[in-house]
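Some notes on the structure that comes next.
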Amino acid sequence: LEEYDAINILCDKVPDAIGSYVDAVRVGNLLFLSGKGPRKADGEYIKGRLGKDLTVQEGYDAARLTGLIQLAVLKKELGSLKKVKRVVKVNGYVRSDDEFSDQPKVINGFSDLMISVFGNMGKHARTALGTNSLPLGMAVEVEMVVELN
Numbered sequence: 015l016e017e018y019d020a021i022n023i024l025c026d027k028v029p030d031a032i033g034s035y036v037d038a039v040r041v042g043n044l045l046f047l048s049g050k051g052p053r054k055a056d057g058e059y060i061k062g063r064l065g066k067d068l069t070v071q072e073g074y075d076a077a078r079l080t081g082l083i084q085l086a087v088l089k090k091e092l093g094s095l096k097k098v099k100r101v102v103k104v105n106g107y108v109r110s111d112d113e114f115s116d117q118p119k120v121i122n123g124f125s126d127l128m129i130s131v132f133g134n135m136g137k138h139a140r141t142a143l144g145t146n147s148l149p150l151g152m153a154v155e156v157e158m159v160v161e162l163n
């Protein structure tokens, strides 16, 4: 229930796209969501480099917040999360120090939330990779593909 309350609150605060793109594109019964980052209630992003400025747990929490935002995008686009049949694919990008190699543990924050909300249908194929830079200095960015009923 906690996740659903957070999603409802975030629906009115879904961050606008920061470039020349849209939040979601539907092709057949697939919905492709653009990358989003961990934007806090005050409008600021969780920023920093994993392994230098942020711990794995802080990264996990940032990825989970990003998951809540993506769920809010889904709810805004579809009207209800019940229209999601399954989460298909997740690509997670982690702003990382050169020696940091725990990107999968960070993106688990996103994946664990999807499984919590959708159960077995939240289990997905995934990529979790490190990068030296992300837009606005944010710590993580996650994009996803969902199948619709």
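Taken in order, the sequence shown gives residues 15 to 163; the numbers are from our numbering. Using N, Cα and C, we set each Cβ at its ideal position, and we do this for glycine too.
(1) Mind checking if GLU58 is an interface residue toward chain D, Cβ cutoff 8 Å exclusive?
(2) For LEU143, count the other beta carbons within 10 Å of its own beta carbon; 16 or more makes it buried, fewer makes it exposed. Which is it?
(3) Identify whether LEU44 lies in helix, strand or coil by the three-state DSSP scheme.
(4) Could you give the C-beta distance for VAL120 and TYR74, rounded to a whole number, given that I count them as a contact under 8 Å?
(5) Are the beta-carbon atoms of VAL87 and VAL28 separated by less than 8 Å?
(6) Just to confirm before moving on: does the CB-CB distance between GLY65 and PHE114 stay below 8 Å?
Based on what the coordinates show:
(1) The structure shown contains no chain D, having only a single protein chain.
(2) Looking up residue 143 in the sequence shown gives position 129. Here LEU143 is exposed: its Cβ has fewer than 16 other Cβ atoms, across all protein chains shown, within 10 Å.
(3) Translated into the one-based positions of the sequence shown, residue 44 becomes position 30. Reduced to three states, the DSSP call for LEU44 is strand.
(4) Along the sequence shown, one-based indexing puts residue 120 at 106. Along the sequence shown, one-based indexing puts residue 74 at 60. About 6 Å separates the beta carbons of VAL120 and TYR74, which is inside the 8 Å limit, making them a contact pair.
(5) Looking up residue 87 in the sequence shown gives position 73. Looking up residue 28 in the sequence shown gives position 14. Judged by their CB atoms, VAL87 and VAL28 are nearer to each other than the 8 Å cut-off.
(6) Numbered from 1 along the sequence shown, position 51 holds the residue referred to as residue 65. Numbered from 1 along the sequence shown, position 100 holds the residue referred to as residue 114. Contact flag set, yes.
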